[in-house]
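Undergrad:
Residue numbers (this note's numbering), protein chains in the order written: chain A, 708 to 1034; chain B, 3 to 429.
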């Protein structure tokens, strides 16, 4: 874009001395207006769209959460913070929160380590590199509904392959949906299957920007591959690791589709197992709002979830930054 | 660089932003350009309307009809959000019997079909079916009845034979005039063939028993919550749960993927079957099981499970045309045709007592006279009262039965927990 001469004299700490305004033609004015405001216009669509589809629903949800609000019939009266106080003493809410955290830890921690390892392998000179790199992303491209369908069969109680394999080594069949730990393992494996390759590719991209001469000097010093990986590669991609941790956290707190589709009752019950053993927060939100039609309460859950994610993200960020600065 | 392009850029940017906004704010709607009235009809599963719609369009050249089909579990949630949002609902929507009470509560969002003369049609339907579709003491007609479920019990002949039980459907029906006797047959069956489950799920047995009582979770008189005091609920629960405790059920979620696999593997011998379930059993068990399944009368007399209504949301632009179409689709002539094509049982005596219907047999089910079996069951049924919050409470009890089946809880613990949760859900 044209750099307008006026701009160079203006700013830079000193009080700008505008060239006498009356000498500027309307074209000059237009040009100056252009450099000043056009960037805002160009980014405006994002903010307009965000305002309409992000901010407005956010604020409206807050408004709804302060009411008794039936999904179809709407406002049934202002109740202040009643929905929130009820929520805090609601054992189903705490149960869902516990499940969400458990599923998040079970799926995210191993997933990020696996992604790191996978990225390190892909970073080596493999034959048919493009093929392998595209391959790890495949699980992420496949529709989550299809993934859930396949996993539901793998973890079938009576005729599932996982149970058949366990049987080979003499372990009794597991009722994957009935037990808390079993259902969490099964659902986590689904999440890991979908996201490990995706994170691996992000790590891989970051690894390529780690200076090669550092590897060479480490090799000359006789460092093992393992040592090189932990002392050069991982510190070199710390900002990227931080990014994936935050994104995975946000994703993990909002876990919905995988456990929902794992539930044989589906959205018809929406309870995440017969004793809510794998009901996540978003599933509880969905059950309250869209099966029980209690939109007010559902909105309160949404807001608490939003605040939780905010807190976790900030904690995440501070902790991760501290770790990063140590390096 | 010349200044002119800069000015032009500004103008173009401004236009682009405006265009984006305008595009975001304007919506669809309206009729086809050719002056035809466009009607949409929102259904789930297979209502058997495809051919009928073609025919209606041919005889009504001014009308164009679009059929939208989604899965049943999504259908009612979607409808609820469309009603809440004030747009997006089809001109005619199907509402299932288990959900209609919930929508009755929001009748303001629907057209009162009585305004278009629906009351004149009342005599077409079995009285209970008509009543389910109305509210305000019959003054507000919310929906016109489509099919009904009726109730029978399907059983696998080869598995019965292996267990030394009779295989003829009349004799099988005589084995279990009551549910207590059904449990005894289960014991005999399990003793002889311990590796095969007697029934797919306790949940459906429970539903079948409960649907044969006049009141379930809510009182007919004032819609109050009575699940904790109604002995019928506890009895039905205990009966069904006892099958689970004795591991005589497959502990399957009804109509789930696992249920289909179990059908294919012939791992259970009986299942409750409303008329519409025959198609599901056939699809799940596959061609190789043709003639293996048969249909007998259900224990405890008749009953009804399922069936739907056609309602007209107020947000539609053509309520009158929509009513006319709904009226035509639910008329006895059309119900008869749908039965012959899809097996969905008519809810109108003129249709289900028609010799053509009663003479219908189902080849896949060992040529069972399904028209007669389901018709008889419909004649004898005592319709159960569905409370406004029935659909909120039902899953709670199903979960409880599932916990008994998987051995996590005793029957009484599961029931106590369910009553507690149901009370919360009904608040």
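Even for Gly, the Cβ is constructed at its ideal location relative to N, Cα and C.
Since we're looking at a predicted model, the values are computed, not measured.
Is residue 1013 (chain A) close to chain B, meaning its C-beta is less than 8 Å from at least one C-beta of that chain?
TA: It does not; no Cβ of chain B falls within 8 Å.
Undergrad: Who does residue 136 (chain B) pair with in a DSSP beta bridge?
TA: Paired residue(s): B:143.
Undergrad: With a Cβ-Cβ cutoff of 8 Å, do residue 390 (chain B) and residue 104 (chain B) count as a contact?
TA: Contact: yes.
Undergrad: Would you call the CB atoms of residue 333 (chain B) and residue 94 (chain B) closer than 8 Å?
TA: Not a contact, by the Cβ cut-off of 8 Å.
Undergrad: Taking just the CA atoms, how far does residue 967 (chain A) sit from residue 973 (chain A)?
TA: Computed Cα separation, rounded: 6 Å.
Undergrad: I want to verify the contact list: residues of chain B whose CB lies under 8 Å from the CB of residue 978 (chain A), in sequence order.
TA: Within chain B, the residues near residue 978 (chain A) are 397, 401.
Undergrad: Taking C-beta pairs closer than 7 Å, name the residues in chain B that residue 973 (chain A) reaches, listed in chain order.
TA: Per Cβ cutoff of 7 Å: 75.
Undergrad: Candidates B:116, B:311, B:90, B:215: which alpha carbon is nearest residue 134 (chain B)'s?
TA: Of the listed residues, the one whose Cα sits closest to residue 134 (chain B) is B:311.
Undergrad: In its own chain, which residues sit with a C-beta less than 7 Å from the C-beta of residue 1018 (chain A), not counting the 5 before and 5 after it?
TA: So the list is empty, once near-sequence residues are dropped.
Undergrad: Using DSSP with H/G/I as helix, E/B as strand and the rest coil, what is residue 300 (chain B)?
TA: Correct three-state label for residue 300 (chain B): coil.
Undergrad: Give the residues of chain B in contact with residue 863 (chain A), contact being defined as C-beta atoms less than 9 Å apart.
TA: Ordered by position in chain B, the residues that pass the 9 Å Cβ test against residue 863 (chain A) are 259, 260, 263.
Undergrad: Strictly by DSSP, which residues pair up with residue 251 (chain B)?
TA: Note: residue 251 (chain B) sits in a beta bridge opposite B:201.
Undergrad: The beta strand (DSSP E) with residue 157 (chain B) in it runs from where to where?
TA: Run containing residue 157 (chain B): 154-158, per the beta strand (DSSP E) assignment.
Undergrad: Hey, does residue 779 (chain A) have any beta-carbon neighbour from chain B nearer than 8 Å?
TA: Yes, because at least one Cβ of chain B sits closer than 8 Å to the Cβ of residue 779 (chain A).
Undergrad: Under DSSP, the alpha helix (DSSP H) around residue 956 (chain A) begins and ends at which residues?
TA: Per DSSP, residue 956 (chain A) belongs to the alpha helix (DSSP H) from 945-960.
Undergrad: Which of the three DSSP states, helix, strand or coil, is assigned to residue 46 (chain B)?
TA: Residue state, collapsed to three classes: strand.
Undergrad: Quick one, which of B:353, B:302, B:352, B:192 has its alpha-carbon nearest residue 165 (chain B)'s?
TA: Nearest option by C-alpha distance: B:192.
Undergrad: Using 8 Å as the limit for Cβ to Cβ distance, is residue 860 (chain A) near chain B?
TA: With 8 Å as the cut-off, residue 860 (chain A) counts as an interface residue toward chain B.
Undergrad: Determine the chain A residues that contact residue 408 (chain B) at a beta-carbon separation under 8 Å, and present them in chain order.
TA: Result: 882, 885, 981.
Undergrad: Could you compute how far the alpha carbon of residue 303 (chain B) sits from the alpha carbon of residue 989 (chain A)?
TA: Approximately 43 Å, taken between the alpha carbons.
Undergrad: Around the Cβ of residue 73 (chain B), are there at least 16 other Cβ atoms within 10 angstroms (buried) or fewer (exposed)?
TA: When all chains shown are included, residue 73 (chain B) counts as exposed.
Undergrad: With DSSP as the reference, identify every bridge partner of residue 362 (chain B), one or two as the case may be.
TA: None, per the DSSP bridge assignment.
Undergrad: Please state whether the Cβ-Cβ distance between residue 71 (chain B) and residue 46 (chain B) is less than 8 Å.
TA: Going by C-beta atoms, residue 71 (chain B) is nearer than 8 Å to residue 46 (chain B).
Undergrad: Considering Cα atoms alone, identify which of B:423, B:41, B:162, B:146 is closest to residue 128 (chain B).
TA: Nearest C-alpha to residue 128 (chain B): B:146.
Undergrad: Work out the CA separation of residue 739 (chain A) and residue 752 (chain A) for me, nearest whole Å.
TA: The straight-line gap from Cα to Cα measures roughly 22 Å.
Undergrad: Closer than 7 Å by beta-carbon distance: list the chain B residues that pair up with residue 753 (chain A), in chain order.
TA: Result: empty, since nearest Cβ-Cβ is about 10 Å, beyond 7 Å.
Undergrad: Whole angstroms are fine: how far does the CA of residue 56 (chain B) sit from the CA of residue 331 (chain B)?
TA: Each residue's Cα considered, the two are about 12 Å apart.
Undergrad: Does the beta-carbon of residue 1025 (chain A) have 16 or more other beta-carbons within 10 angstroms, so that it is buried, or is it exposed?
TA: So residue 1025 (chain A) counts as exposed.
Undergrad: Anyone know if the C-beta pair for residue 361 (chain B) and residue 175 (chain B) falls short of 8 Å?
TA: No. Outside cutoff.
Undergrad: Between the region 142-160 of chain B and the region 332-347 of chain B, do at least 3 Cβ pairs fall closer than 8 Å?
TA: Touching, yes.
Undergrad: Would residue 912 (chain A) be called buried (16 or more neighbouring beta carbons within 10 Å of its own) or exposed?
TA: Residue 912 (chain A) comes out exposed.
Undergrad: Could you name the residues of the same chain whose beta carbon sits closer than 7 Å to that of residue 99 (chain B), not counting the 5 residues immediately before and after it, in chain order?
TA: Here the set comprises 134, 308, 309, 310.
Undergrad: Taking the C-alpha atoms as reference points, what is the distance between residue 39 (chain B) and residue 965 (chain A)?
TA: Each residue's alpha carbon lies about 42 Å from the other.
Undergrad: My output table needs one value for residue 369 (chain B): the three-state DSSP class, helix, strand or coil.
TA: In this structure, residue 369 (chain B) counts as coil in the three-state DSSP scheme.
Undergrad: Can you find the residues in the same chain that come closer than 6 Å, C-beta to C-beta, to residue 20 (chain B), ignoring five residues on each side of it along the sequence?
TA: Any reading at residue 20 (chain B) is ruled out, since the residue's pLDDT is 42, under 50, leaving its predicted position unreliable.
Undergrad: Nearest-angstrom Cα distance between residue 243 (chain B) and residue 201 (chain B)?
TA: For residue 243 (chain B) and residue 201 (chain B), the distance between alpha carbons rounds to 12 Å.
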